[in-house]
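From first to last, the protein sequence lines are chains A and B.
The first sequence begins at 18 in our numbering and counts up one residue at a time.
The second sequence begins at 67 in our numbering and counts up one residue at a time.
Ideal Cβ placement from N, Cα and C applies to all residues, glycine included.
Since we're looking at a predicted model, the values are computed, not measured.
Read through the structure below, which is laid out as C-alpha cells, and then see the notes.
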Amino acid sequence: MVSPVRAELRKLLGLPTARVALVLGTLLAPVVVLLNAPYNRRALAAGTLSDPTQLGLRELGVGLIGALVLGVVVVSSEYTSTGDDAPGARQLTATLTAVPHRLRLLAAKTVALVLVVAAQAAVTAAGTLALTQALHGEYVPLPAPERVAAAILYWVLTALLAYAITLITRTGIVPLTLLILNSTVVSVSYLLTKLTDLAAYLPDIAGAHMFLRTDGFPVELAPVTAGLVMTAWVITLLAVGAVLFHRRDA
Amino acid sequence: MITIDHVSKIKGKTPILYDVSFEARPGRVTGFLGPNGAGKTSTLRILLGLDRPQTGTALVCGRPYRKIDRPLTTVGALLDGSGAHRARTARAHLRWVAASNGLPGSRVDEVLEVVGLTSNARKRAGRFSLGMSRRLGLAAALLGDPAVLVLDEPVNGLDPAGIRWMRGFLRDSAAQGRTVLLSSHLMGELAETADDVVVIDKGRIVLHGGLADVIGAHRTLEDAFFALTGTEAGGAW
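Listed below in C-alpha cells is the structure:
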C-alpha cells in the first residue's frame, strides 16, 4: 500500500496545475489578510466589524480554491488526452496497468490527496492566523485549537468532495466550474438558504459551520453536527464515485 | 504464458468480441493480426484488466491481471500512446510508474537507456513525436523486467531504424524465454517477427497456429490473411 501512495504523491505534486494550486491556495489567504488590514484595523478600532473573534478564520476561506483544484486534478489528470497522436490515450491506462486493483488505487489516491491538502491547510491556517495576530492582536484573540483543526478538516473534506465529484464526471471542467463559481462569484448554496432551510445541510454551508458561526441563519448547526453532515456528503459521493470507477471500463 | 478463454464483449449494444480463445506461449513471439476495428485492442485491454468481458477469462501466468500484485514485475504492456501526462517529463513519468510497484529509481535510467531516450529524459511527454511516445511507453513496460510482454501495434510511428530495433528486441525477448504477444495490422512486419499467428476478424478468431501453418499453401502471410478473412486486397473493409 505504501508504494501506490508514494506514486500518487509523486504524480500529484509533479503536475504543474497542482503546483499552482498548492502555491496560490497557500498564499491567497495571508495576502487577503494583508490587503484587508487597513480596512479591518479601522473597523476594529471603531467597533463596527461583526464578530471580530472570527476574523482570521473567516479570511482563510479564499484559499480553499487551492484545495478544490487539487481535489479535481488528482482525478481529471488521469482522463486528459496524452497527445494528439493518440486522442484516446490517457494516463489512466498507465495508472491501472501499474495498480490494477481499483479500490486499492482509489485508497492510494485518497491518502495522497488528504496528506497534501491537510499539509497545505495547516500551513495556510498557521500563516493566516499568525498574520492576523501580528496585525490585529489587540482586538482579535487567537481562536481555540479545535476550531483551527475544524478549519483544516473542512479544507480536506472540500478537496475530497471535489475529488468524488470528478470521479463521477471523469472531467475536471464541470466540477471546477461549479465549485469555483459557487465558492467565489455567486454562492448558489447561500442563495438556496434564502429559499429553504434545507439548504443549511448542503456540504459547503454545513461544512463552514464546523469552525465559523453565522448569525441570522435559520438553521444553526453545532460544529460537530456540521462536521457529520459534511462527512456524510463526502462519504456518499465517494461511495458513488468508487462504485462507478470499479464498474466502468477504463 | 497468456490464456484467453472464451472471451466475449459487448460495448454499448454492439458485440465486438465473440468467444475469443487463444494462447501465447513462453519463448515465442505471438502475432495478433487483424484489420483495424477487428478487436485486437479490445482483447488486449481485457487481458490487462482495463475493460471487463461479458463472459470468459483472460489470464496471465494463470491469474487475472487485476489479481496480480506488483504487476509490472510480471507483465509489461504497451497500449496506445505513452501513458504519460503531457505536462510530465519522460523521467518524471517513469519515476512514478516505478514507485507504484516498489521498483528502484535506478531502473528508470536503465530503461531510458534501453529505448534510447536518455538524451530526452527531461523533455515533456506532450512534446514527444509519435515514435518517441512509443519508446517511452515501452520503457515503462520494461521497468519491472517482466516475463510477459503485451504490445499493441508496437512499430506504429517508428522510423525504419526504430522498426528494425524493435524487431531485434522482440526476437531477443522471446529467445530469453519471455512470452511476447504483439498486435499488428502490418502483415509483412509480423511475418518477419512472429513464431505463432492469431488472426482475428470482425471480433472472431479465424485462425491460430504456427506462422508456416497459417501461411500454408499461400505465397505470403498477406495472401493467407485475405483468403482467410474473405476481404479483397484494395476492396472496402
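Can you name the start and end residues of the alpha helix (DSSP H) that residue i belongs to?
| i | result |
| --- | --- |
| residue 155 of chain A | Per DSSP, residue 155 of chain A belongs to no alpha helix (DSSP H) and is neither H nor E. |
| residue 80 of chain B | It is not in any alpha helix (DSSP H) - residue 80 of chain B instead sits in the beta strand (DSSP E) that spans 80–90. |
| residue 49 of chain A | 33–63 |
| residue 197 of chain B | 196–208 |
| residue 90 of chain A | 81–96 |
| residue 228 of chain B | 226–241 |
| residue 44 of chain B | Residue 44 of chain B lies beyond the range of chain B shown here (67 to 303); nothing can be said about it. |
| residue 110 of chain A | 108–115 |
| residue 220 of chain A | 220–225 |
| residue 237 of chain A | Careful: residue 237 of chain A lies outside any alpha helix (DSSP H) and carries neither H nor E. |
| residue 178 of chain B | 172–180 |
| residue 73 of chain A | 72–77 |
For residue i, which three-state DSSP category applies?
| i | result |
| --- | --- |
| residue 250 of chain B | strand |
| residue 267 of chain B | strand |
| residue 293 of chain B | helix |
| residue 199 of chain A | helix |
| residue 135 of chain B | coil |
| residue 303 of chain B | Reliability fails at residue 303 of chain B, whose pLDDT of 45 lies under 50, so the model's placement of it is uncertain and no value is given. |
| residue 28 of chain A | helix |
| residue 274 of chain B | strand |
| residue 130 of chain B | strand |
| residue 266 of chain A | coil |
| residue 117 of chain B | coil |
| residue 187 of chain B | coil |
| residue 122 of chain B | strand |
| residue 262 of chain B | strand |
| residue 99 of chain A | coil |
| residue 245 of chain B | strand |
Can you say whether residue i is buried or exposed, counting buried as having 16 or more other CB atoms within 10 angstroms of its CB?
| i | result |
| --- | --- |
| residue 68 of chain B | buried |
| residue 56 of chain A | exposed |
| residue 216 of chain B | buried |
| residue 239 of chain A | exposed |
| residue 25 of chain A | buried |
| residue 108 of chain A | buried |
| residue 112 of chain A | buried |
| residue 72 of chain B | exposed |
| residue 198 of chain A | exposed |
| residue 188 of chain A | exposed |
| residue 290 of chain B | buried |
| residue 179 of chain B | exposed |
| residue 110 of chain A | buried |
| residue 107 of chain B | buried |
| residue 91 of chain A | buried |
| residue 148 of chain A | buried |
Since residue i is in the beta strand (DSSP E), which residue starts that stretch and which ends it?
| i | result |
| --- | --- |
| residue 98 of chain B | 95–99 |
| residue 279 of chain B | Element bounds for residue 279 of chain B: not the beta strand (DSSP E) but the alpha helix (DSSP H), 277–281. |
| residue 189 of chain A | First-last for residue 189 of chain A: undefined, no H or E at that position. |
| residue 77 of chain B | 68–77 |
| residue 205 of chain A | Careful: residue 205 of chain A lies outside any beta strand (DSSP E), inside the alpha helix (DSSP H) at 205–212. |
| residue 216 of chain B | 214–218 |
| residue 144 of chain B | 141–144 |
Contact check, residue i vs residue j under 8 Å by CB: the rounded distance?
| i | j | result |
| --- | --- | --- |
| residue 74 of chain A | residue 262 of chain A | 35 Å between Cβ atoms; not a contact. |
| residue 185 of chain A | residue 258 of chain A | 5 Å |
| residue 114 of chain B | residue 143 of chain B | 5 Å |
| residue 85 of chain A | residue 175 of chain A | 6 Å |
| residue 173 of chain A | residue 138 of chain A | 7 Å |
| residue 200 of chain B | residue 220 of chain B | 7 Å |
| residue 187 of chain B | residue 155 of chain B | 7 Å |
| residue 112 of chain B | residue 124 of chain B | 5 Å |
| residue 207 of chain B | residue 152 of chain B | The Cβ separation is near 19 Å, so there is no contact. |
Taking only heavy atoms of the ligand ZN into account, decide whether any of them is closer than 7 Å to the Cβ of residue i.
| i | result |
| --- | --- |
| residue 240 of chain B | This structure lacks the ligand ZN, and indeed carries no ligand of any kind. |
Compare the C-beta of residue i against all C-beta atoms of chain D and say whether one is closer than 8 Å.
| i | result |
| --- | --- |
| residue 33 of chain A | Within the model displayed, chain D is absent; protein chains A and B are what it includes. |
Determine which residues of the segment 86–119 of chain B have a Cβ less than 7 Å from any Cβ of chain A, and write them out in chain order. 114, 115, 116, 117 and 118
Interface residues of the segment 167–186 of chain B facing chain A [CB-CB below 9 Å]: Listed by position, the residues of the segment 167–186 of chain B near chain A (Cβ gap below 9 Å) are 167, 168 and 169.
Mind checking the segment 109–136 of chain A against chain B and listing, in chain order, the residues whose C-beta falls within less than 7 Å of any C-beta there? Among the residues of the segment 109–136 of chain A, those with a Cβ less than 7 Å away from any Cβ of chain B are 110, 111, 113, 114, 115, 116, 117 and 118, in the order of the chain.
For the segment 21–52 of chain A, enumerate the residues whose C-beta is nearer than 7 Å to any C-beta of chain B, in chain order. 21, 23, 24, 27, 28, 31, 32 and 33
Along the segment 263–279 of chain B, what residues have a CB closer than 9 Å to any CB found in chain A? Residues passing the 9 Å Cβ filter: none.
By the 9 Å beta-carbon criterion, what residues does the segment 235–262 of chain A contribute toward chain B? Flagged: no residues at all.
Output needed in chain order: residues of the segment 247–258 of chain B with a Cβ under 9 Å from some Cβ in chain A. none
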